[in-house]
Amino acid sequence: MWDLPIGWGRRWFNGSGRLGGAFLNGWAIDWIATYSSGYPVNEPDAIFTCATYQAPGGQTPEHWFNNDPNCYQARPQYSLRNNPDRFSTIRNPAAPLLNASIEKTFWLTEKYALQFRGESFNVTNTPILGAPATDFKNPRFGQLPLAQDNFPRYIQIAAKIIF
Numbered sequence: 095m096w097d098l099p100i101g102w103g104r105r106w107f108n109g110s111g112r113l114g115g116a117f118l119n120g121w122a123i124d125w126i127a128t129y130s131s132g133y134p135v136n137e138p139d140a141i142f143t144c145a146t147y148q149a150p151g152g153q154t155p156e157h158w159f160n161n162d163p164n165c166y167q168a169r170p171q172y173s174l175r176n177n178p179d180r181f182s183t184i185r186n187p188a189a190p191l192l193n194a195s196i197e198k199t200f201w202l203t204e205k206y207a208l209q210f211r212g213e214s215f216n217v218t219n220t221p222i223l224g225a226p227a228t229d230f231k232n233p234r235f236g237q238l239p240l241a242q243d244n245f246p247r248y249i250q251i252a253a254k255i256i257f
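Encoded structure:
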């Protein structure tokens with residue numbers, strides 16, 4: 095939370111009158127930027143027969159990892175799984191996200207204040223797709239889902255009385 099340096103007792107416009115102070119005083123902004131490298135992708139529960147799990151030609155939404163069906167065989171029934179649960183180098187999609195807010199406080203008396211606040215979540219409206227399908231019998235095996243996994247941009251406005 096950062097109080098803007100304008101209005102009474104601040105760096106700029108600190109000599110404004112009562113009417114100017116009503117518009118300039120009590121502004122604050124807040125932001126949260128987050129970034130994650132993504133969670134590790136689950137490794138298919140199958141016998142892998144190719145050289146690498148990396149997608150040939152580079153990672154795309156249609157080939158998040160090597161999804162060539164000829165590289166996978168079903169494990170024999172009642173056999174133990176001997177491959178890892180997750181890839182160590184392949185991660186689910188991720189992107190930076192920004193949440194921000196701005197608020198204005200009006201001091202009504204020494205004891206009471208009225209606060210208006212506007213908030214926006216996922217300000218940039220960045221879509222993040224979910225994890226790829228890892229069941230090698232699935233027609234979308236190794237592909238990212240078509241729908242986004244995170245919330246789209248949300249904006250909310252609130253008012254509260256502080257006493």
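If you want the numbering used here, it's the position in the sequence shown, counting the first as 1, plus 94.
Built from N, CA and C at the ideal position, the CB exists for glycine as well.
- The beta carbons of I256 and Q209 sit closer together than 7 Å.
- Comparing alpha-carbon positions, the option among L238, S182, R234, V217 lying closest to P246 turns out to be V217.
- Contact check for H157 against A149 passes: the beta carbons are separated by less than 7 Å.
- In its chain, beyond the 5 residues on either side, T220, I222 have a beta carbon closer than 7 Å to the beta carbon of A189.
- N193 is bridged by DSSP to I126.
- Every unbroken stretch of the beta strand (DSSP E) spanning 3 or more residues and falling wholly within the stretch 167–227 is given here in chain order: 180–185, 191–201, 207–215.
- Rounded to the nearest whole angstrom, the C-alpha separation of Y248 and P170 is 48 Å.
- A residue is called buried when at least 16 other Cβ atoms come within 10 angstroms of its Cβ; L174 does not meet this threshold and is exposed.
- Counting C-beta pairs with one atom in each stretch, the stretch 190–200 and the stretch 228–235 have fewer than three that are closer than 8 Å, which means they do not touch.
- For Y147, there is no enclosing beta strand (DSSP E), as DSSP gives it neither H nor E.
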